[in-house]
């Protein structure tokens, strides 16, 4: 077996292992309680806390959506939560877990998003990641994916790593997207302190098939559960007059040597595998909206062939709902080897 095949199998096992049975907490970082880092933002009557304060449910009904916000601003770090999404008919419903400073910088805000887009009955949720810097919403760096699990069956970890040099989006400790800061990006790279948000709301006018399918409140309330809150970043002290970079020097050094900030070979192969199988849209290939390729896009002609000039994948990935847990490492290795053989056969046919 070649070294490439071995690395691919290792990554496949990593992906299957984490997505099948997620660890109790992301990256073994101790989570905090809701009150330890968050406060209600809107729709407080639709925010339901567990008795121990470790789980919070946010609801959307015909009266209101709901959401919460971190009690402080953060400048770089790891930000994570376990999220379980509403099931059944969820068209028009959007659940978001994101960072933003839009309440402070109205016209030049920064933002990093996990957006979960609901769907009609029988269809899975879709997930989108966004990167906006300095109000660059007209140059949105959006990507969409299907998921290799049912996000309504149980909670999964969704994490954002934000440093001065890169941004990594994780699902269950698997990196699904990396944005490396380049000089050409300029202010498009988020650079100002942000708060953490979680919201659920009615986006009937655009969220599902461009607004074709609306929220049907017959299925309300729509409930999303959040737990395992991680706010492991530099919490800014508003009293100090020092710039954020100075206040956060020690925290940045700690983050730099952490496991979640390190992209080793195994992680990169796992990320590439996820993107190859589950990415359904990429701004890098959307020539209709962006005729000029973004400086942070690493366009490969072989990959580009999989996408239309609208940025949509020519063959849309199918959501995979795993009906059973993986019983052993042997099961995962066997499945990974089958996938590798299928991929090799597919590549051989294409070459010929």
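In mature numbering (1 follows the signal peptide of the UniProt record, and there is no 0), the protein residues as written are -24 to -1, 1 to 328. The beta-carbon is built from N, C-alpha and C at its ideal position, and this holds for glycine as well.
Residue 119 - partner residues in DSSP beta bridges:
Checking the DSSP bridge columns, you'll see residue 119 partnered with 105, 258.
DSSP state of residue 5 mapped onto helix, strand, coil
Coil, per DSSP.
When burial is assigned at 16 or more other CB atoms within 10 Å of the CB, is residue 177 buried or exposed?
buried
May I have the straight-line CA-CA distance separating residue 186 from residue 120, to the nearest angstrom?
15 angstroms
Candidates 258, 188, 175: which alpha carbon is nearest residue 199's?
Among 258, 188, 175, the Cα nearest to that of residue 199 is on 175.
Ignoring anything shorter than 3 residues or poking outside the segment 205 to 277, list the beta strand (DSSP E) runs there in chain order.
255 to 262
Can you check whether the CB of residue 129 is closer than 8 angstroms to the CB of residue 333?
With the chain represented from -24 up to 328, any question about residue 333 goes unanswered, as that position is not in the structure.
Do residue 57 and residue 149 have their beta-carbon atoms positioned less than 8 angstroms apart in this structure?
no
Under DSSP, the beta strand (DSSP E) around residue 73 begins and ends at which residues?
69 to 76
Under 8 angstroms, do residue 158 and residue 68 count as touching if we go by C-beta distance?
no
Contact check, residue 374 vs residue 250, beta carbons under 8 angstroms
Past the boundaries of the shown model lies residue 374; the chain is included only from -24 to 328, so the question cannot be answered.
Relative to the C-alpha of residue 104, which candidate in 110, 113, 118 has its C-alpha closest?
118
Whose C-alpha, out of 139, 30, 37, 86, is nearest the C-alpha of residue 20?
37
Cβ neighbour criterion (16 or more within 10 Å) applied to residue 91:
buried
In three-state terms, what does DSSP make of residue 98?
coil
Consult DSSP for residue 48 and reduce its assignment to one of helix, strand or coil.
coil
Buried or exposed for residue 246, please, with buried defined as at least 16 other CB atoms from any protein chain shown within 10 angstroms of its CB.
buried
Proximity winner among 188, 134, 229, relative to residue 74 (alpha-carbon distances)
134
Kindly indicate the opening and closing residues of the beta strand (DSSP E) around residue 132.
132 to 138
Have a look at 48, 17, 291 and flag the residue whose alpha-carbon is nearest the alpha-carbon of residue 253.
291
When you compare only the Cα positions, how much space is there between residue 180 and residue 145?
26 angstroms
Could you check where the beta strand (DSSP E) with residue 32 kicks off and where it finishes?
Note, residue 32: beta strand (DSSP E), 31 to 36.
Taking C-beta to C-beta, are residue 207 and residue 172 nearer than 8 angstroms?
yes
For residue 84, the nearest candidate out of 49, 51, 33, 114 (CA to CA):
114
Just how far apart, CA to CA, sit residue 168 and residue 51?
7 angstroms
From the DSSP output, read off the bridge partner residues of residue 183.
Residue 183 is not bridged to any residue.
Note down, in chain order, each residue of its chain lying with its Cβ closer than 8 angstroms to the Cβ of residue 285, except the 5 sequence neighbours on either side.
261, 262, 263, 264
Looking only at DSSP bridge pairs, what is residue 129 linked to?
In DSSP, residue 129 forms no bridge with anything.
Under 7 angstroms from any heavy atom of the ligand MG, does the C-beta of residue 263 make it?
The ligand MG is not part of this structure, which contains no ligands at all.
Indicate the three-state DSSP secondary structure (helix, strand or coil) for residue 188 in the structure shown.
Residue state, collapsed to three classes: coil.
Ends of the beta strand (DSSP E) at residue 195?
Neither: residue 195 is in no beta strand (DSSP E) and is coded neither H nor E.
Going by Cα to Cα distance, which pick from 283, 287, 54, 14 is closest to residue 30?
14
DSSP state of residue 25, grouped into three classes?
Strand, per DSSP.
Residues in its own chain within less than 7 angstroms of residue 224 by CB, not counting five upstream and five downstream?
Sequence-distant partners of residue 224 (beyond 5 residues in either direction) whose C-beta falls short of 7 angstroms from its own C-beta, in its chain, are 51, 52, 210.
What does a CB cutoff of less than 7 angstroms around residue 197 pick up in its chain, not counting 5 residues either side in sequence?
35, 36, 37
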